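Note sheet for the following structure.
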Amino acid sequence: MPSDPRSTLANQPPAAPPPIDPNGRAGRAAPQPGTTERPNTGAPPSNPLATPEPSAAQIAPAAEGAPPLTASAPAHSLDHPEPQPQPALGRWGIYWQRVQQYWDSRKTPALLISLILHVSILLLLAFLTFSGQVGMQDGFDFTIQNEANNQEQLTSELKLAAGDSPPPPTSNPEQDWEPPLPAETASTSISELLTLATSEQTTPQPDAAVTELQQLVSGSATSLTASFSGSGVEGRQLLKRQELALARGGTLESEQAVERALEWLAAHQMPSGGWSLVHTGGECNERCGNPGSHERFDPAATGLSLLAFLGAGYTHLEGKHKETVRRGVYFLYQILEETPNGGSFLYQSERGMYNHGIAAFAMCEAYQLTQDRDLLKPAQQAVDFIVHAQSYQGGWGYLPKKPGDLTISGWQMMALKSAQAAGLEIPDATILAIDIFLDTQQAEESSFFGYARPGKSPTCTAIGNMIRLFRGMSHTDPRILQSAAFLNSMGHSGTDAYYNYYVSLYLFHVGDPFWERWNPRVRDYLVRSQANYGHEAGSWYFDNPYGKEGGRLYTTAMCAMTLEVYYRFSPLYQQSDQPFEL
1 MPSDPRSTLA NQPPAAPPPI DPNGRAGRAA PQPGTTERPN TGAPPSNPLA TPEPSAAQIA
61 PAAEGAPPLT ASAPAHSLDH PEPQPQPALG RWGIYWQRVQ QYWDSRKTPA LLISLILHVS
121 ILLLLAFLTF SGQVGMQDGF DFTIQNEANN QEQLTSELKL AAGDSPPPPT SNPEQDWEPP
181 LPAETASTSI SELLTLATSE QTTPQPDAAV TELQQLVSGS ATSLTASFSG SGVEGRQLLK
241 RQELALARGG TLESEQAVER ALEWLAAHQM PSGGWSLVHT GGECNERCGN PGSHERFDPA
301 ATGLSLLAFL GAGYTHLEGK HKETVRRGVY FLYQILEETP NGGSFLYQSE RGMYNHGIAA
361 FAMCEAYQLT QDRDLLKPAQ QAVDFIVHAQ SYQGGWGYLP KKPGDLTISG WQMMALKSAQ
421 AAGLEIPDAT ILAIDIFLDT QQAEESSFFG YARPGKSPTC TAIGNMIRLF RGMSHTDPRI
481 LQSAAFLNSM GHSGTDAYYN YYVSLYLFHV GDPFWERWNP RVRDYLVRSQ ANYGHEAGSW
541 YFDNPYGKEG GRLYTTAMCA MTLEVYYRFS PLYQQSDQPF EL
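Numbering follows full-length UniProt numbering, with no gaps: position 145 of the sequence shown is 145.
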């Protein structure tokens, strides 16, 4: 093993290094105009403890001329007629009289009496209101308010990898979603799917090898591991890919589509070794349409492209694409900025944690697949920065320590899961905080998740429940089954590659009957929709807001990863006797 940690990656001279920023740190170009973080414009939250001020009539002193309520009151006479009987004063009335007696005897000004009594009653009411709420909340209030409102306003900015994928539109479903399937293949209702999932089914007994494959798909295997020698990453071996794909729901056509996609990605690698969402430079020379609209996401674009190669078994040490992968990994190595809190892939982007999470995920997977010691340090540094960037809520936002959402947090969780399988160090508190964050995005006993608060986002429902599986929740839990039936009944999207990707991963692990109903539709749709002509051959592009911002490169990488689900079965997606636990 060479002493220089860059030795195995730097076989060829790298491109010109990135410019130096004013602080003297390498790997950063000058920020683009308009990339400063937006100010938080959310309205301040209301105070749940506030109580209305009592009216003057409730606390006003006795009217002038009323007889004093003292022991020395004058005897009844014509000048002082006997007062009419008054209703019982009660405890508070007696208290009021005694206070008034005391202050009258000291000849205190009425204004001061009124002020003191107002303050006393307000303090009493505030105490009663506060004490009534004690015990309703056991810890911090993790509800996202201002940050969530601010994020929802960034509709025209990049939420890389589709952000909060919206549910299918109700007015014009044909614009974003595939038309219903024929009756014989249409999705079964949620109730029928749940019945199938919980009923006992008898099937012929296959041979042992087929049984093992079926267990892997249905999630019933009990000895899967997350180590390099385990069945998860062995499934990516080039000689086993096709076998496992055919056994788990893939086809020869879907495998060919993956290979064509990887060829397209290789042809659009930048001279620096990385990838850009604006893919039209270099060899492409603008021959492919639909570039992305953002230029500060090279770490994310590179990470997505590398994940597509790694998912198919190509590493920087093995396979026909090893030089492409080597250059990509080395690009990430070059731009990793060392900080006191670990290695950063933020890349001066105002949504830098997308960059970091995706690039860190790719770096950790490259290390896990190859155990190349040259990648140990950068992978651990990237993980350390994720740990540092976690917010007090347990999730991750656009920038370190900011309140987060499930789409950004999902990439960080993926990187941590892969890092754990690779043997990298992760503090226990970081993983425990993930559970807390998931609770803030899901209503109690709900099967669904929201983007930045409890809700019913289809994409976030897939992400959140998939992480629940990694943390040890059973795939037969009623919440898992209900969410799987819900997603299955919605069907795949005709434009949202991010939604298709996450739901495919999730339902693959939940198993049948959900997987067998979902898989053929999304698989065949992706095979049919892949470009077949010109320089765009092998790529995908769907016309939706996130596709426009991420562009053809983002869409192609996501679709390729979706078709790799059959054998990717990476450390992130495995179930075992030791799931993603401490």
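The C-beta atom is built at its ideal place from N, Cα and C for all residues, glycine as well.
For clarity, every value in this text was computed on a predicted model and none was experimentally measured.
Taking all protein chains shown into account, Glu425 has fewer than 16 neighbouring C-beta atoms within 10 Å of its C-beta and is therefore exposed. Rounded to the nearest angstrom, the gap between the Cα atoms of Asn465 and Ile431 is 16 angstroms.
Using a 10 angstroms sphere on the CB of Pro478, the tally of other CB atoms stays under 16, which defines it as exposed.
A distance of 7 angstroms or more separates the beta carbons of Gly249 and Asn544.
A direct Cα-to-Cα measurement between Leu346 and Asp384 gives close to 14 angstroms.
Excluding sequence positions up to five before and after Ser293, its CB lies within less than 6 angstroms of the CB of Glu549, all in the same chain and listed in chain order. For Gly274, the CB contacts under 6 angstroms within the same chain, skipping 5 residues up- and downstream, are Asp298, Thr302, Phe331 in chain order. With fewer than 16 other CB atoms across the displayed protein chains lying within 10 angstroms of its CB, Gln371 is exposed.
Unbroken alpha helix (DSSP H) runs of no fewer than 4 residues, entirely contained in the region 439 to 510, are found at 458 to 470, 478 to 490, 497 to 510, following chain order. Residue pairing for Thr339: DSSP places it in a beta bridge opposite Gly342.
Between Asn488 and Thr562, the C-beta gap is not smaller than 7 angstroms, which leaves the two residues out of contact. The straight-line gap separating the alpha-carbon atoms of Arg568 and Gly534 is approximately 29 angstroms. Annotated three-state conformation of Met270 is coil, per DSSP. Leaving aside the five residues that flank Glu365 on each side, the residues in its chain whose CB is nearer than 7 angstroms to its CB run, in chain order, Leu307, Leu310, Ser418, Ser570.
Of all C-beta pairs linking the region 325 to 344 to the region 375 to 393, three or more are shorter than 8 angstroms, placing the two stretches in contact. About 16 angstroms separates the CB atoms of Ser529 and Cys288; that is not less than 8 angstroms, and the two are not in contact. With respect to the 7 angstroms criterion, Asn355 and Ala300 are classified as neighbours on the basis of their beta carbons. Per DSSP, the unbroken alpha helix (DSSP H) holding Cys364 starts and ends at 352 to 370. Sequence-distant Cβ neighbours of Thr555 in its own chain, meaning closer than 7 angstroms and more than five residues away, are Ala497, Trp540, Tyr541, Phe542, Gly547. Classified as buried, Pro291 has 16 or more neighbouring CB atoms from the shown chains inside 10 Å of its CB. Judged by DSSP secondary structure, Glu318 falls outside any alpha helix (DSSP H); it is assigned neither H nor E. Across the structure, Trp396 and Tyr451 are spaced so that their CA atoms are roughly 12 angstroms apart.
Nearest to Ala485 by alpha-carbon distance, out of Ile463, Pro513, Leu505, is Pro513. Lys377: member of the alpha helix (DSSP H) spanning 376 to 389, first to last residue. By the beta-carbon neighbour count (other beta carbons within 10 angstroms, threshold 16), Gly551 is buried.
Distances from the CA of Leu406 to each of Pro458, Ala422, Tyr314 were compared; the closest alpha carbon is that of Pro458. The shortest CA-to-CA distance from Cys559 to any of Gln348, Ile436, Glu516, Leu505 is the one to Leu505.
Here Val325 has Leu306, Phe309, Tyr314, Thr315, His316 as same chain residues with Cβ atoms under 7 angstroms from its own Cβ, once five neighbours each way along the sequence are excluded. The beta carbons of Ile467 and Met413 sit about 5 angstroms from each other, so the pair counts as a contact at 8 angstroms. Closest option to Leu399, judged by alpha-carbon separation, among Lys456, Gly455, Gly352, Glu337: Gly352. Cβ contact annotation for Leu336 (same chain, cutoff 6 angstroms, sequence separation greater than five): Gly343, Pro378, in chain order.
For Glu564, there is no enclosing alpha helix (DSSP H), as DSSP marks it with neither H nor E. For Asp512, there is no enclosing alpha helix (DSSP H), as DSSP marks it with neither H nor E.
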